[in-house]
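Asks: Pasting a structure below so you can have a look.
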Amino acid sequence: MTGMGRSGGLADLARPLAGDLLRLATGRRGPGTGPLSIEDVRALARKRSCALPFSYVDSAAEDFTTHRANLRAFDEVTLRPNLLTDVRERDRGIRLFGRTLDSPVLLSPTGMPGIQHPDAEFAGAGAAHAAGTVFTVSMASSHSVTEIAARCPGPLWFQLYPWGNPDDFTPYVELARRAGCEALVVTLDTPVGGNREADVRTGFTMPPRITRANAGEVLRHPVRFGRWVKTLASGPGIRMGNIAETGVTGGMNAVHQATKFESKFVPGFSAAELALVRSLWTGPLLVKGITTGEQARTAHAAGVDGVIVSNHGGRQLDGLPAALRALPEVAAALHGTGVEILLDGGIRRGTDILKALALGARAVMIGRPWVWGLAAAGRPGVDTVLRILHTELERDMALMGIRTLDELGPHSLNVPAAWATRPAGMAAADPEPASSTLAP
Numbered sequence: 405m406t407g408m409g410r411s412g413g414l415a416d417l418a419r420p421l422a423g424d425l426l427r428l429a430t431g432r433r434g435p436g437t438g439p440l441s442i443e444d445v446r447a448l449a450r451k452r453s454c455a456l457p458f459s460y461v462d463s464a465a466e467d468f469t470t471h472r473a474n475l476r477a478f479d480e481v482t483l484r485p486n487l488l489t490d491v492r493e494r495d496r497g498i499r500l501f502g503r504t505l506d507s508p509v510l511l512s513p514t515g516m517p518g519i520q521h522p523d524a525e526f527a528g529a530g531a532a533h534a535a536g537t538v539f540t541v542s543m544a545s546s547h548s549v550t551e552i553a554a555r556c557p558g559p560l561w562f563q564l565y566p567w568g569n570p571d572d573f574t575p576y577v578e579l580a581r582r583a584g585c586e587a588l589v590v591t592l593d594t595p596v597g598g599n600r601e602a603d604v605r606t607g608f609t610m611p612p613r614i615t616r617a618n619a620g621e622v623l624r625h626p627v628r629f630g631r632w633v634k635t636l637a638s639g640p641g642i643r644m645g646n647i648a649e650t651g652v653t654g655g656m657n658a659v660h661q662a663t664k665f666e667s668k669f670v671p672g673f674s675a676a677e678l679a680l681v682r683s684l685w686t687g688p689l690l691v692k693g694i695t696t697g698e699q700a701r702t703a704h705a706a707g708v709d710g711v712i713v714s715n716h717g718g719r720q721l722d723g724l725p726a727a728l729r730a731l732p733e734v735a736a737a738l739h740g741t742g743v744e745i746l747l748d749g750g751i752r753r754g755t756d757i758l759k760a761l762a763l764g765a766r767a768v769m770i771g772r773p774w775v776w777g778l779a780a781a782g783r784p785g786v787d788t789v790l791r792i793l794h795t796e797l798e799r800d801m802a803l804m805g806i807r808t809l810d811e812l813g814p815h816s817l818n819v820p821a822a823w824a825t826r827p828a829g830m831a832a833a834d835p836e837p838a839s840s841t842l843a844p
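So the sequence shown is residues 405 to 844, counted in this note's numbering.
Here it is in structure tokens:
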């Protein structure tokens, strides 16, 4: 009897092991083998994508110094849990500009996601709205904001590049209003395009061309390249939907529209122009690209309702501080003003969200992660990105001993002493940066 029991036990162990070996041999996926983290989603996007469009999303300016700093900054801050607390019921919802959201994670504007997947913004907005959060439509979106609003009912924001001539950018304000967008986001940190040498080295061009820089990639992975060409042909591709709808750049094809779009950037947008935008838009107005207290105070004086602490993911001016590193100074400058603060840059984990909110942000935004999800699997990929972050966030709230996100504050963190250093050139009469509020 003992021998039979032992034999039966071995058989029970051997069957699943044999199944595992079969799956490995055939390449089939077993249960629980989906992406577990945002980095897993990125790896999956890299595996399934042609290197050219993947590198376009993944790259940054010059030496990637700011891009790397965005990620490292979260490692420099540690958490201070509040134990012996009943956290059986937890709520990750927030209130933002009068609306209740089920998530503090908003989707950032990204240009031309149609080069990653035919569904482009339809996948991003659909996933955001299913998760009870906001999708921000880029002025350079693949589908127009009108098309997105019709297909994906839910809260939409619209991002505006402040071209130098008001006659050029005013039609987009009207377009956002007609589409029912609830907020307008003016990106301030792109007076000219950043120096993204990585795109040049990978041979990324629009329309795609096979050059010496990318011929090796095309020859090594012809299936990926062919899949990308099919994506461009079956979806919006390199089309800019809002540009086409407004007709500001003229009745030209998508390639010429993209070229014309770049030429419209003028390094002359000032506080006066921002005040003009304020007069044109009656809803919440935010500015994106804020990294200093001085910038935040200037934006507040121009009448904005919110600022997004961001360095454009390191894709513009290399050498800027990490977004998280800049957050305490901005929060101190806007303390008591009622201006909402969001952070965009480097969010990869639920703990990253907690750290940003504890340092003064009301919400966070993600750009690359949702586009990686799009490239990996379309709408299900974006759903997966939000599911991963929400699952981590709820678990981390329990481990931190907090029931609601409003319970977070500087007392929830250990922050490096160097972060409390007064920025160079800040006058003694200026409000203290976050040094006084960072002490636990």
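For every residue, glycine included, the Cβ atom is placed at its ideal position computed from N, Cα and C.
#1: Using alpha carbons as the reference points, say which of 744, 783 and 726 lies closest to residue 476.
#2: Spatial neighbours of residue 707 within its chain, please: CB distance less than 6 angstroms, with the 5 preceding and 5 following residues excluded, ordered by chain position.
#3: As a quick exercise: from 755, 770, 767 and 790, pick the residue whose alpha carbon is nearest that of residue 805.
#4: Inspect the CB distances between the stretch 712-723 and the stretch 581-601 and report whether three or more fall short of 8 angstroms.
#5: Quick check on DSSP: helix, strand or coil for residue 714?
#6: Can you tell me the Cβ-Cβ gap for residue 576 and residue 646, rounded? I've got them flagged as a contact below 8 angstroms.
#7: First and last residue of the alpha helix (DSSP H) that includes residue 699?
#8: Where does the unbroken alpha helix (DSSP H) through residue 757 begin, and where does it stop?
#9: Under a three-way DSSP split, which group does residue 491 fall into?
#10: Measuring straight from C-alpha to C-alpha, what distance separates residue 735 and residue 605?
#11: Report the partner residues of residue 748 according to the DSSP bridge assignment.
#12: Given this structure, state the Cα-to-Cα distance separating residue 696 from residue 620, to the nearest angstrom.
#13: Counting C-beta neighbours from all protein chains within 10 Å, is the total for residue 638 16 or more, i.e. buried, or is it exposed?
#14: Does the stretch 621-638 come into contact with the stretch 541-549, if we say contact requires no fewer than three beta-carbon pairs (one atom in each stretch) closer than 8 angstroms?
#15: Leaving out five residues before and five after residue 471 in sequence, what residues of the same chain have Cβ atoms less than 6 angstroms from its Cβ?
#16: Would you check if the stretch 792-799 and the stretch 451-470 touch, i.e. whether three or more CB-CB distances between them fall below 8 angstroms?
#17: Per DSSP, residue 818 is paired with what?
#18: Would you call residue 873 buried or exposed, if buried means 16 or more other Cβ atoms sit within 10 Å of its Cβ?
#19: Leaving out five residues on either side along the sequence, give the residues of the same chain with a beta carbon under 6 angstroms from the beta carbon of residue 628.
#20: Run the CB neighbour count on residue 614, radius 10 Å, all protein chains shown included, and call it buried at 16 or more, exposed below.
#21: Report buried or exposed for residue 474, applying the criterion of at least 16 other Cβ atoms within 10 angstroms of its Cβ.
#22: Check this for me: beta carbons of residue 531 and residue 780, under 7 angstroms apart or not?
#23: Measuring CB to CB, does residue 789 end up less than 7 angstroms from residue 777?
#24: Mind checking residue 773: buried by the 16 CB within 10 Å criterion, or exposed?
#25: On a CA-only basis, which of 762, 649, 673 and 560 is nearest residue 570? Give me that one, please.
#26: Check each candidate in 802, 500, 587 and 822 and name the one with the smallest Cα separation from residue 490.
#27: Taking the beta strand (DSSP E) that residue 552 belongs to, which residues open and close that run?
#28: Under 7 angstroms between the Cβ atoms of residue 808 and residue 506?
#29: Give, in chain order, every unbroken run of the alpha helix (DSSP H) that is at least 4 residues long and sits entirely within the stretch 560-636.
#30: Starting from residue 788 and walking both ways along the alpha helix (DSSP H), at which residues does that stretch end?
#31: What span of residues does the beta strand (DSSP E) with residue 668 cover, start to end?
#32: Under DSSP, the beta strand (DSSP E) around residue 690 begins and ends at which residues?
#33: Does residue 501 come out as helix, strand or coil in the three-state DSSP assignment?
#34: Taking all protein chains shown into account, decide if residue 692 is buried (16 or more other Cβ within 10 angstroms of its Cβ) or exposed.
#35: Just the C-alpha distance for residue 415 and residue 716, rounded to the nearest angstrom, thanks.
#36: Would you check if the distance between the CB atom of residue 560 and the CB atom of residue 537 is smaller than 7 angstroms?
Replies: Working from what's here:
#1: For residue 476, the closest of 744, 783 and 726 by C-alpha to C-alpha distance is 726.
#2: 682
#3: 755
#4: yes
#5: strand
#6: 6 angstroms
#7: 697-705
#8: Run containing residue 757: 754-762, per the alpha helix (DSSP H) assignment.
#9: Residue 491 sits in coil when the DSSP states are folded into three classes, being neither helix nor strand.
#10: 38 angstroms
#11: 714 and 769
#12: 43 angstroms
#13: exposed
#14: no
#15: 464 and 718
#16: no
#17: 482
#18: Any property of residue 873 remains undetermined from this structure, which presents the chain solely from 405 to 844.
#19: So the list reads 454, once near-sequence residues are dropped.
#20: Label assigned to residue 614: exposed.
#21: Buried, since its Cβ has 16 or more Cβ neighbours within 10 Å.
#22: no
#23: yes
#24: buried
#25: 673
#26: Comparing Cα positions, the closest option is 802.
#27: Here residue 552 belongs to no beta strand (DSSP E); instead the alpha helix (DSSP H) covers 549-555.
#28: no
#29: 570-582, 601-606 and 619-624
#30: 783-804
#31: Neither: residue 668 is in no beta strand (DSSP E) and is coded neither H nor E.
#32: It spans 689-694 - the beta strand (DSSP E) in which residue 690 sits, taken as one unbroken run.
#33: DSSP places residue 501 in coil when its eight states are reduced to three.
#34: Counting C-beta atoms within 10 angstroms of its own C-beta, residue 692 has 16 or more neighbours from the protein chains shown and is therefore classed as buried.
#35: 56 angstroms
#36: no
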